[in-house]
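Trainee: The opening position of the sequence shown corresponds to residue 588 in our numbering, with each subsequent residue numbered one higher. All residues carry an ideal CB built from backbone N, CA and C; glycine is no exception. Got a structure for you, questions after.
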Amino acid sequence: MDVRLEGKTALITGSSLGLGRAMAEKFAEAGANVALVARRPEVLEEARLAIAATAEGMIGAYSCDVSDKGQIEKTFAQASDELGPIDILVNNAGISRAMPFMEISDEQWTEDLELKLFAAIRFCRLAFPGMVERKWGRIINTLNTGAKVPRAGGAPTAVSRAAGMALTKALAGEGAPHNVLANGLLVGRIESDQWVRRHAAAGSNVGYEDYLADLGKNLPMGRYGRAEEFANIACFLASDAGSYITGTAINVDGGLCPVV
């Protein structure tokens, strides 16, 4: 199957590293214009240069703190002006934060919801009207399997991501009559920059590849997923090949999650 995105513009948050960058690379390879959105300008620029070297479309880089409403509005307007109307929105920004419930402060709850839920709400609010007007749009929310199966000590992330799953379903219902499709992709154990940081923080003498291989032994497929595997399903959903799929929360976890 040849999945193509020519003539489309995608905006991907958290796209300078990890899953976001893998999706940006895949979308660019498929012919889309891609707006890379993340906080650190130097990391963004490195990603932009690397992706633009082989991209068919335009690649833009936009420094933005997605927990800030004003920055979101400025970034969306700038990306739309430079690359064209946003046809594909991927809300991917976020970090994993899990701790015992009684240890979570109001400030930590607010930070997590602003980063993972309200950022998605605000970007969708900006993108949705144009998608409806053009009768074509794709919204993909990166969540995690904790949204379906919250574990003890899994808040605040599990709660934020469960809310993101509900947001996805609500958007899908409103967008369906206008060919605006909304889906969630639920991360399991997939190699990303977060695991690089965890390996570094652990201070292990074991190399990163061996570290991941050891962690993956007890997973159903016996290994961690690769970022490009996640990007493949995102690209499919963003394309016309996924034109009758909306309102779903797809586990991209190699069979780990006990809930379908």
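So Arg709 and Lys656 are in contact, right, with Cβ under 8 Å, and what is the actual spacing, rounded?
Mentor: In the sequence shown, residue 709 corresponds to position 122, counting from 1. In the sequence shown, residue 656 corresponds to position 69, counting from 1. The Cβ separation is near 6 Å, so the contact holds.
Trainee: What does the alpha-carbon distance come out to for the pair Asn838 and Glu593?
Mentor: In the sequence shown, the residue the question calls residue 838 occupies position 251. In the sequence shown, the residue the question calls residue 593 occupies position 6. Near 27 Å, if we compare the C-alpha coordinates of Glu593 and Asn838.
Trainee: Under 8 Å by Cβ, that's how I've got Gly681 and Leu702 pegged, so tell me the actual separation to the nearest angstrom.
Mentor: The sequence position of residue 681 within the sequence shown is 94, counting from 1. The sequence position of residue 702 within the sequence shown is 115, counting from 1. Yes, they are in contact, since the Cβ atoms of Gly681 and Leu702 sit about 6 Å apart, within 8 Å.
Trainee: Could you check whether Ile599 and Ala615 sit closer than 8 Å to each other, using their CB atoms as the reference points?
Mentor: For the purposes of this step, residue 615 is identified with residue 28 of the sequence shown, where counting begins at 1. For the purposes of this step, residue 599 is identified with residue 12 of the sequence shown, where counting begins at 1. No, the pair does not count as a contact, with Cβ atoms beyond the cut-off.
Trainee: Measure the CB-CB distance between Ile727 and Leu772 and report whether it falls below 8 Å.
Mentor: Taking the sequence shown and counting its residues from 1, the one referred to as residue 727 is at position 140. Taking the sequence shown and counting its residues from 1, the one referred to as residue 772 is at position 185. Result yes, Cβ atoms of Ile727 and Leu772 sit closer than 8 Å.
Trainee: Given a cut-off of 8 Å, decide if Ala800 and Leu754 are closer than it, judged by their beta-carbon atoms.
Mentor: If you number the sequence shown from 1, residue 754 lands on position 167. If you number the sequence shown from 1, residue 800 lands on position 213. For Leu754 and Ala800, no; Cβs fall outside 8 Å.
Trainee: Please state if the CB of Ile675 and the CB of Arg725 are separated by a distance shorter than 8 Å.
Mentor: For the purposes of this step, residue 725 is taken as the residue at position 138 of the sequence shown. For the purposes of this step, residue 675 is taken as the residue at position 88 of the sequence shown. A contact, by the Cβ cut-off of 8 Å.
Trainee: Using the C-alpha atoms, what's the distance from Glu694 back to Gly618?
Mentor: Numbered from its first residue, the sequence shown carries residue 618 at position 31. Numbered from its first residue, the sequence shown carries residue 694 at position 107. Answer to the nearest angstrom: the Cα atoms are 41 Å apart.
Trainee: For Val624, count neighbouring Cβ atoms within 10 angstroms of its own Cβ and tell me buried if that reaches 16, exposed if not.
Mentor: Looking up residue 624 in the sequence shown gives position 37. Flag for Val624 reads buried.
Trainee: Going straight from the alpha carbon of Pro807 to that of Gly842, what length do you get?
Mentor: Within the sequence shown, numbered from 1, the residue matching residue 807 stands at position 220. Within the sequence shown, numbered from 1, the residue matching residue 842 stands at position 255. The straight-line gap from Cα to Cα measures roughly 6 Å.
Trainee: Should Val767 be labelled buried (16 or more other beta-carbon atoms within 10 Å of its own) or exposed?
Mentor: The residue given as residue 767 occupies position 180 in the sequence shown. With 16 or more Cβ atoms within 10 Å of its Cβ, Val767 is classed as buried.
Trainee: What are the start and end residues of the alpha helix (DSSP H) that includes Val746?
Mentor: Residue mapping note: residue 746 aligns to position 159 of the sequence shown, counting from 1. Run containing Val746: 744-762, per the alpha helix (DSSP H) assignment.
Trainee: Looking at Ala742: is its Cβ nearer than 8 Å to the Cβ of Phe817?
Mentor: Taking the sequence shown and counting its residues from 1, one reaches residue 742 at position 155. Taking the sequence shown and counting its residues from 1, one reaches residue 817 at position 230. No. Outside cutoff.
Trainee: State the DSSP-derived secondary structure class of Ile726, mapped to helix, strand or coil.
Mentor: On the sequence shown, position 139 is the one that residue 726 refers to. In this structure, Ile726 counts as strand in the three-state DSSP scheme.
Trainee: Does DSSP classify Thr662 as helix, strand or coil?
Mentor: Along the sequence shown, read from residue 1 onward, the residue named residue 662 stands at position 75. Three-state DSSP puts Thr662 in a helix.
Trainee: On the CB-based measure, 16 or more other CB atoms within 10 Å of its CB, does Asp840 come out buried or exposed?
Mentor: Locating residue 840 in the sequence shown gives position 253, counting from the first residue. The residue is buried, with at least 16 neighbouring Cβ atoms inside 10 Å.
Trainee: Can you tell me whether Arg738 is buried or exposed, with buried defined as 16 or more other CB within 10 angstroms of its CB?
Mentor: Counting from 1 along the sequence shown, the entry for residue 738 is found at position 151. Result: exposed.
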